[in-house]
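Going down the list, the protein sequences come from chains A and B.
For the first sequence, this note's numbering begins at 1 and goes up steadily by one.
For the second sequence, this note's numbering begins at 1 and goes up steadily by one.
Just so it is clear, CB atoms sit at the ideal spot from N, CA and C, and this is done for glycine as well.
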Amino acid sequence: MPEKIKLYDDSKCTACRGCQLACKQWNGLKAKQTVNSGSYQNPPGLQPNTYMLIRFQDVADDKGAVKWLFRKEACMHCTEAACVMACPTGALYYNNDFKIVGLNREKCIGCKNCVASCPFEVPKYDHETDKVYKCDMCESRIMNGLEPACVKACPTGALKWGDKADMMKIAAARVKELGESASVYGDKFVGGTHLMYVLQEKPSVYAELKQDPHVPYSVLAWKSWLKPLSLLAAGGVIGGSFLHYIIHGPKTPDEDDNQVNKAEGGK
Amino acid sequence: MICVDPRYTQSAAKAHIYAPLRSGTDIAFLGGMIKYILDNNLYENEYVLNYTNASFLVNPALKLPGDNNGVFSGLEGGKYDKSTWSYQTGGGGVIRKDPTLKDPHCVFQLLKKQYSRYNLDIVSRITGTPKEKLVEVYKEYAKTGVPGKSGNILYAMGWTQHTVGVQNIRAMCIVQLLLGNMGIAGGGVQALRGESNVQGSTDHGLLYHIWPGYLGTPAASMPTLKAYNEKRTPTTKEKNSLNWWKNFPKYSASFLRSMYGMNATLDEAYNLLPKVDDGENYSWLVLFDRMYKNQFTGFFAWGMNPAASGAHSNKVRQALAKLDWMVNVNLFDNETGSFWRGPGMDPAKVKTEVFMLPCAASLEKEGSISNSGRWMQWRYKAVNPPGEAQADAEIISELFYKVKDLYEKEGGPLKEAVTKLTWNYGPKDLSGRVKTIDPNYIAKEINGYFLADKKIENPTKKGEFKEFKKGDLVPSFAWLQDDGSTSSGCWIYCNSYTDAGNMAARRGTKDRSGIGLYSEWAWSWPVNRRIIYNGASVDLKGIPWDKKRPVIIWDGAKWTGDVPDGAGDPGSGRPPFIMKPDGVASIYGPGLADGPFPEHYEPLECPVEKNLLSPQKVNPIIRRFDKPGVGTELDVIASCDPRFPFICSTYRVSEHWQTGVLTRWLPWLVEMQPSMFVEIGSDLAKEKGIKNGEIVTVKSARGEVEAVAIITPRLKPFNIDGNLIHMVGVPWHFGWATTATRKYNKNDKKPEIFTFGDSANLLTPSAGDPNTHIPESKAFMVNVVKKGVK
Chain A
1 MPEKIKLYDD SKCTACRGCQ LACKQWNGLK AKQTVNSGSY QNPPGLQPNT YMLIRFQDVA
61 DDKGAVKWLF RKEACMHCTE AACVMACPTG ALYYNNDFKI VGLNREKCIG CKNCVASCPF
121 EVPKYDHETD KVYKCDMCES RIMNGLEPAC VKACPTGALK WGDKADMMKI AAARVKELGE
181 SASVYGDKFV GGTHLMYVLQ EKPSVYAELK QDPHVPYSVL AWKSWLKPLS LLAAGGVIGG
241 SFLHYIIHGP KTPDEDDNQV NKAEGGK
Chain B
1 MICVDPRYTQ SAAKAHIYAP LRSGTDIAFL GGMIKYILDN NLYENEYVLN YTNASFLVNP
61 ALKLPGDNNG VFSGLEGGKY DKSTWSYQTG GGGVIRKDPT LKDPHCVFQL LKKQYSRYNL
121 DIVSRITGTP KEKLVEVYKE YAKTGVPGKS GNILYAMGWT QHTVGVQNIR AMCIVQLLLG
181 NMGIAGGGVQ ALRGESNVQG STDHGLLYHI WPGYLGTPAA SMPTLKAYNE KRTPTTKEKN
241 SLNWWKNFPK YSASFLRSMY GMNATLDEAY NLLPKVDDGE NYSWLVLFDR MYKNQFTGFF
301 AWGMNPAASG AHSNKVRQAL AKLDWMVNVN LFDNETGSFW RGPGMDPAKV KTEVFMLPCA
361 ASLEKEGSIS NSGRWMQWRY KAVNPPGEAQ ADAEIISELF YKVKDLYEKE GGPLKEAVTK
421 LTWNYGPKDL SGRVKTIDPN YIAKEINGYF LADKKIENPT KKGEFKEFKK GDLVPSFAWL
481 QDDGSTSSGC WIYCNSYTDA GNMAARRGTK DRSGIGLYSE WAWSWPVNRR IIYNGASVDL
541 KGIPWDKKRP VIIWDGAKWT GDVPDGAGDP GSGRPPFIMK PDGVASIYGP GLADGPFPEH
601 YEPLECPVEK NLLSPQKVNP IIRRFDKPGV GTELDVIASC DPRFPFICST YRVSEHWQTG
661 VLTRWLPWLV EMQPSMFVEI GSDLAKEKGI KNGEIVTVKS ARGEVEAVAI ITPRLKPFNI
721 DGNLIHMVGV PWHFGWATTA TRKYNKNDKK PEIFTFGDSA NLLTPSAGDP NTHIPESKAF
781 MVNVVKKGVK
């Protein structure tokens, strides 16, 4: 089966947030009480009950010209995924057919290695269940020939799901159409992501967008020699704790709270 | 894509050109565009000459606002005497015309004169739109004024909710007519509705001034059906004009038959239906004004939430307390049903008895909706309504039988108005009463039946006769009769339910037109015509202006493509706007209450001392509830008042619907937009020391509401004639009933996710457009203060 990716074109997104709601519906995610903190963006960032959100950002230049940028934030589904490398139990895995990053929560032991190692700060840990949550590209849908729920809900064509080669062609053509500030985001790092963007502005303009995402060296080291060793030893749990120590340092009481809601709302 | 809006919106973010304008100055903006098109000869001459009233000669006594202190001639006592707005007529009453368009009294020259005053300089000083932005928009849009190009406008309440609401839209109609953009593929003036079935409700006579099918409501001065038909049926002396409304008596007779069937003669049926008192007005603002003045006993709030949706909601809420009883038909309790325990209310002092009738949501019942493209689309029931909730029609039917029984038992004035009604809306039980409502029965009644065997000449083929049997569905409105032999609940929908079945339920996805009409999907009134007035899409010889995207094509013997509208055989000379008595579209519109051309007037509450275009500051004929003896002590207006220095407008967000009666109960939507907010420009926030996310109070002369401040560079002050004027904006979806801080009794349903803040309509004024009486919710004056500051 050819590799597929999800393509998000922010120049076509009106921030209607049909995708954000469809994601909650398909994944059965309960809403939580929010407050308006001076922005349309809500919840303010990814959360255990929010696998994706549309970010809102005002951009004003010094001449007073204004833009309102929207960006869909969700798991990027890296080809070289730090979370999969760091996961000691196989809860995070590459889907064989589509190469996206799936999550088997039954196997998740709540070690939070993925939380610490993800270069996009995507996985979110939930105290109550002691598990980690993130977008799995609607694996239950795509394995049955359907597009992800967010793509299904998109009324403007800002979200597309298709063969990687086709999507890359569409992305390149669109970038050309949009002009010199536009670019493709996602094809130049971590082996290529399975959520790619066409961005109408330079990547540096977007709030909270990683400019140089890469798999942390500690995770690479862990993957290449420590993980095989430790898997031999004790089913990964001991080694997992060791990696946890390498990445996080000693566990502190309030660190988990920092993982949730740390992203600030844009406008 | 061009976006013109006081705020930089989500649509603006996608537009090629964004132009800001001060809320309430659209006529100045569009008047400038009309002048630009005329000055630069960018109009479609052949279209304008033949398909509009540009060549008509007007009474030389007409005075335009530029020569008459800002008003049209005939203004007396807050009303226009329109006698000087008439056309010049020649032999046999035919309207005099000048095909050279040079006569100083012809519509075209009057148009030029009227908008010669709207130069770029003055338009920019009024609207606050920079001159170069005006030119950029005018230039780009005027490019659609050549054959083969089309331009289209989408508008919504941003245009209608003004004291010049109708004239805003008229101004755009003039632009579209000058550019030849009506009746063609991709043209038109598109009203986007606030609700999916507004078109349907208007079509079916929801408003006080019309019966279904846009038949004017009878007035007390029309004592007989004959007098009514004579008064309401337009006539013309223009020899080529089809004047379709000449058929009015067929439609009124068929409507009366749909109400009373053969239980009454047509004359009796006419007498049974209510008449409006001459000159009276039963629109929203007047209705609640009278309710406040104790002139109402009871009130049905059916599927609406006036305590949050009504302009000047404080007045509405106080008015509800003057009622003896109110029936609230809705999905959820809301600000209206529980008004007696809302903010500032003392339940012990409210006498109103409230009954709550839970009704079905759209997915819990079968029926149709009509969108603003006039498509009647059938929807099926997905799930049963919960608990005791019932479809609206079931509730109405039960009420009907109860009221009918009471009349039959106890009698009452004009009791036959109820007891003689037909009620064939579903299978009946042994006593002859409807057991359960079947919406198909209703749809068939709307289409209409033959009530007697009848042989009729084919209205489109002389000499060909067709025989119908009593009980046959009428194939289309051309077959409707004025003698009582046919019924039709709404003549424009005749042809929607025929021997071929329920046309609205069709789901054909073929597009035979090649221009995206999809004529086999659902059904569009009239007679499944997809582009109205498409007779204007071809030139006088019948050749499409746009050869690549033809709407109708003459194949040598007949028209193909869309169902032709108003198109005679090529060369017949029939003007295509057949719903106008004279057959052409109205650049000059003497039918409106406030002038034959749009003229810029300031909003009733505005930040400027003077109208820069004339000495007349506001629309001279709006009903001023704030004047002594008109409204109430609550109807206050504060224009140019330093206490309320900022312009405000209400608007919507994608996540909520209307007053939020439905959406405030949907946790996923509330999670995204949990709160009443006020968008404030960065400059103003700095000036006021307001921080992003802080709770502030927005105040008008009528009320106040708490809101979260969203500070944004997307709102900028306007340069209005050298002064910097700020504007703020508020969404109108919120209300106290779903907040965390209100008191919930034991049996009250609590929302899973609470909202914050009350209705934006606590701020809006009770003043409206003189034609439609829609309130001016899109331009009024407020102040914004930090919480706790007086």
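Within the model, the alpha-carbon separation for residue 112/A versus residue 206/A is close to 27 angstroms.
For the pair residue 127/A and residue 6/A, the CB atoms are not nearer than the 8 angstroms cut-off. Listed along chain A is no residue with a C-beta nearer than 8 angstroms to that of residue 401/B; the closest approach is about 41 angstroms.
For residue 727/B, the closest Cβ of chain A is not nearer than 8 angstroms. Of the candidates 743/B, 654/B, 690/B and 748/B, the residue whose Cα lies closest to the Cα of residue 41/A is 654/B. At a cut-off of 8 angstroms between beta carbons, residue 672/B contacts chain A. The contact set of residue 714/B on chain A, defined by CB atoms closer than 7 angstroms, consists of 58, 66 and 68 in chain order. Taking CB atoms only, residue 175/A has no neighbour in chain B less than 8 angstroms away. Assigned with DSSP and collapsed to three states, residue 51/A falls in coil, not helix or strand. At a cut-off of 8 angstroms between beta carbons, residue 677/B contacts chain A.
In this structure residue 334/B is buried. Its beta-carbon is surrounded by 16 or more other beta-carbon atoms within 10 angstroms.
When CB distances to chain A are screened at a threshold of 9 angstroms, the residues of the stretch 686–702 of chain B falling below it are 691, 692, 693 and 694, in chain order. Contact check for residue 2/B against residue 178/B fails: the beta carbons are separated by 8 angstroms or more. Here residue 481/B carries a coil assignment [DSSP, helix/strand/coil]. Partner residues in the beta bridge of residue 79/B, as assigned by DSSP, are 76/B. Excluding the 5 residues flanking it on each side, residue 108/A has same chain C-beta neighbours closer than 6 angstroms at 91, 131 and 132, in chain order. Within the stretch 7–32 of chain A, contact with chain B at the beta-carbon level (separation under 9 angstroms) is assigned to 11, 12, 13, 14, 15, 16, 17, 18, 20, 21, 24, 25, 29, 30, 31 and 32. No Cβ of chain B is located within less than 8 angstroms of the beta carbon of residue 193/A.
Residue 467/B counts as exposed, since fewer than 16 other beta carbons sit within 10 angstroms of its beta carbon.
Within 10 angstroms of the beta-carbon of residue 390/B lie 16 or more other beta-carbons, which makes it buried. Separation of residue 192/B and residue 231/B (C-alpha to C-alpha, rounded to the nearest whole angstrom) is 32 angstroms. Chain-order list of chain B residues neighbouring residue 35/A: 674, 675, 708 and 756, by C-beta distance under 8 angstroms. Residues of chain A with a Cβ closer than 8 angstroms to the Cβ of residue 156/B do not exist, since the nearest Cβ in that chain sits about 15 angstroms away. When DSSP states are grouped into helix, strand and coil, residue 679/B belongs to the strand group. Of all residues in the stretch 38–50 of chain A, those with a C-beta nearer than 8 angstroms to a C-beta of chain B are 38, 39, 40, 42 and 43, reading in chain order. For residue 14/B, the closest Cβ of chain A is nearer than 8 angstroms. Using a Cβ distance threshold of 8 angstroms, residue 3/A and residue 98/A count as a contacting pair.
Taking 3 residues as the shortest admissible run, the stretch 616–664 of chain B contains the following complete beta strand (DSSP E) segments, listed from N- to C-terminal end: 646–651. The residue from 763/B, 282/B and 428/B with its alpha-carbon nearest to that of residue 295/B is 282/B.
Under the 8 angstroms criterion on CB atoms, residue 711/B is classed as interfacial with respect to chain A. Considering only 667/B, 694/B and 76/B, the residue with the shortest C-alpha distance to residue 707/B is 694/B. Cβ-Cβ distances below 7 angstroms link residue 387/B to 358 in the same chain, with the five nearest sequence neighbours on each side left out; the list follows chain order.
Rounded to the nearest whole angstrom, the C-alpha separation of residue 559/B and residue 152/B is 25 angstroms. Runs of the beta strand (DSSP E) spanning 3 or more residues and lying entirely within the stretch 4–31 of chain A occur at 4–9, in chain order. Relative to the Cα of residue 348/B, the nearest Cα in the group 355/B, 354/B and 340/B belongs to 340/B. Where residue 168/A is concerned, there is no enclosing beta strand (DSSP E), although the alpha helix (DSSP H) around it starts and stops at 164–178.
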